[in-house]
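Report on the structure given below.
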Amino acid sequence: MKRVFIKKPFLVVILFVLPLLALFSEPKETKKPRELTLSPGASVSGVINLDPEAPWYKTYRIEVPADAFGIRLSLTDSPADLDLFIKYGQDIVSYDDVSAYSVQDDHNEVLFFSRLHDPPLQTGLYYLDVAYQLSTLPRVRGRLQPEIPYTLTYETVVAEPAGELLPDSRISSTLQPSEGMVKLFTLQVPPGTDAFRVDLFDTSGDLDLLVRRGEPAFNPREADLAGEWVMSRESVIWRNYPEEPLEPGIYYITVVDQISNDAVEEFSIIASLSEEPSEDLKALPFLSIPEDMLERALLSTLEIISEGGTGSACLVSGKGLVLTNYHVVKGFSGGPSDLIYGAVSLDHSTPPVELFRMEVLRYDKEKDLALLRISSGFYGQPLPFGYRFPYYELGDAGRLVMGQPLTIIGYPGIGGTGSRSSISLTKGIVSGFQRTPFGTIIKTDAEINSGNSGGAAINAYYELVGLPTMVVNEDAGQMGFIHPVNLLPRDWIDLIERD
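Below you can see the structure in the form of structure tokens.
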């Protein structure tokens, strides 16, 4: 006998909006049990009766207070696989029309739902179902169970200001999973202030900044200003414009991880009552040029962050010329992005550190190539006099033959379990070649994924022979394609050799 719907066995993520369930859901049983009320901070014991004539779920009413950033519903002490569904404002009729759910394969569930989710948590009444969705009775130690006991706990997560940001005074803190990966600060802006800025740094996660005057913003839609680049450093600047004056008063600064919610993230934050960043933030570490060729290759491979997302790139001169794919630096207007940042792997076990800004010097859309120059530090500060970069020597891709080894270095999106990735290296061979209208490209069986684009494909002598550009997948197999450095126009090579 089918009950409600059969759960998809691979659904292990806790929280999503529910259009995905439309294909699997049926209306709930029409014989409704009595609704129960669950208050914040309370734990209750319950039992689901698996009588064939009874509905295999129990419904609760919960009130979300106005000061709650998130709610956590914990299901424990269950000997069988129960699931959680909640809906705002009205009883649940079908599980394809709910606000959030948790349908892990574990017997016990935790559903965390916050004002960051889509749809966001709202203040007011929610209906909660604890449901057994399988079509057969569960067994415990081989015996069929006619009922399923459980304990249900309802907690609210309140984001109180963790402190006041004093001008030019750094605060170090953490985002905690138990607190919903959010931290709130206040900033007092005095009358006559022409501008203020807030900088987030010293973190390995993709954290974001939300700023709002007078009250907190817990999602980007509520924020007056937001810093949401896909990187670990964020800056927001609020300027005093005649048409939009900078009003004095209290401003709320929210630090949040919108991607990962299961690991502690450290960070530092600093505010200043001007447009200029703190002098401490402008300091640039000098990059070593190691004797070890692999270490030099790792330091010569950058992560690129532009308005279109992230990718990889290769330093090809000591003065900061950089090669990458054009699609890595392409902006939403169709031309190159105005803001392009470069990050360096200073510690290969952690994500790279954003240190530089770049500008596009040349690009070729058909060949999907771009030549950039590092123009300044991350905050726009000039590079120190005599600053030098480790870099790749260009190899001759025309001498490659099938079967020769290749090494791929870059920043694939699958290269980390958190919100950002550390540098990754994979190996393969030259699997073949393909002639295209713009030249011959290289095939490889080396692992290449999204984010590797523009990174390094190097030969046995650690020379750069090409840029991983795309992957073709079919069933369980894939083939990577590399645009060789031999496709570079002659004037690009002249510029690299002179630099």
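Numbered per our numbering, the sequence shown spans residues 26 to 524.
No residue lacks a Cβ here, since even glycine has one placed at the ideal position from N, Cα and C.
Predicted model only: the values in this text are computed from it and were never measured.
Distance from the Cα of I111 is smallest, within the candidate group P104, S99, S103, A105, for S99.
The three-state secondary structure of A471, taken from DSSP, is coil. The straight-line gap separating the alpha-carbon atoms of I73 and P171 is approximately 9 Å. Per DSSP, the unbroken beta strand (DSSP E) holding R86 starts and ends at 82-89. In the pairwise beta carbon analysis, the region 318-328 is classified as not touching the region 225-234: fewer than three pairs are separated by under 8 Å. Here E488 has E418, G420 as same chain residues with Cβ atoms under 6 Å from its own Cβ, once five neighbours each way along the sequence are excluded.
Listed in chain order, the non-local C-beta contacts of V255 below 7 Å within the same chain comprise D231, I330, G334, T335, local neighbours out to five positions each way being set aside. With a threshold of 16 other beta carbon atoms within 10 Å, A91 falls short and is exposed.
Three or more Cβ pairs drawn from the region 151-162 and the region 73-88 lie within less than 8 Å of each other, which places the two stretches in contact.
By the C-beta density criterion, D76 is exposed, having fewer than 16 other C-beta atoms within 10 angstroms. For Q115, the CB contacts under 8 Å within the same chain, skipping 5 residues up- and downstream, are Y152 in chain order.
DSSP, reduced to helix, strand and coil, places G423 within a helical segment of the structure shown.
E332 carries a coil assignment under DSSP once its states are collapsed to helix, strand and coil. The Cβ-Cβ distance between D524 and S342 falls below 7 Å. The Cβ neighbour count for E290, taken over all protein chains shown within 10 Å, is at least 16; the residue is labelled buried. Going by C-alpha positions, S449 is about 10 Å away from E472. Distances from the alpha-carbon of V165 to those of Y276, D106, N244, F292 put D106 closest.
Between E332 and S362, the C-beta spacing is below 7 Å. With a contact defined as Cβ atoms closer than 8 Å, F226 and T279 miss out at about 16 Å.
Measuring C-alpha to C-alpha distances from S475 to each of R460, I467, S293, G440 identifies G440 as the nearest.
Counting every other CB atom within 10 Å of its CB across the protein chains shown gives N286 a total of 16 or more, marking it as buried. Under the three-state reduction of DSSP output, L271 falls in the coil class, being neither helix nor strand. Within the model, the alpha-carbon separation for A187 versus V207 is close to 10 Å. In this structure, the beta-carbon distance from R222 to S293 does not fall below 7 Å.
Under DSSP, H508 takes part in a beta bridge, and its partners are L492. The beta-bridge partner set that DSSP reports for T279 consists of L209, L235. Around the CB of L169, fewer than 16 other CB atoms lie within 10 Å, so the residue is classed as exposed.
For I439, there is no enclosing beta strand (DSSP E), as DSSP marks it with neither H nor E. Counting only residues of its own chain and dropping the five nearest sequence neighbours on each side, Q429 has a CB closer than 6 Å to the CB of V455.
Per the C-alpha coordinates, the member of K468, L327, G443, G479 positioned closest to N498 is K468. Ranked by how close their Cα comes to the Cα of Q158, the residues W81, D131, H373 have W81 in first place.
Beta bridge pairing from DSSP links P186 with L209.
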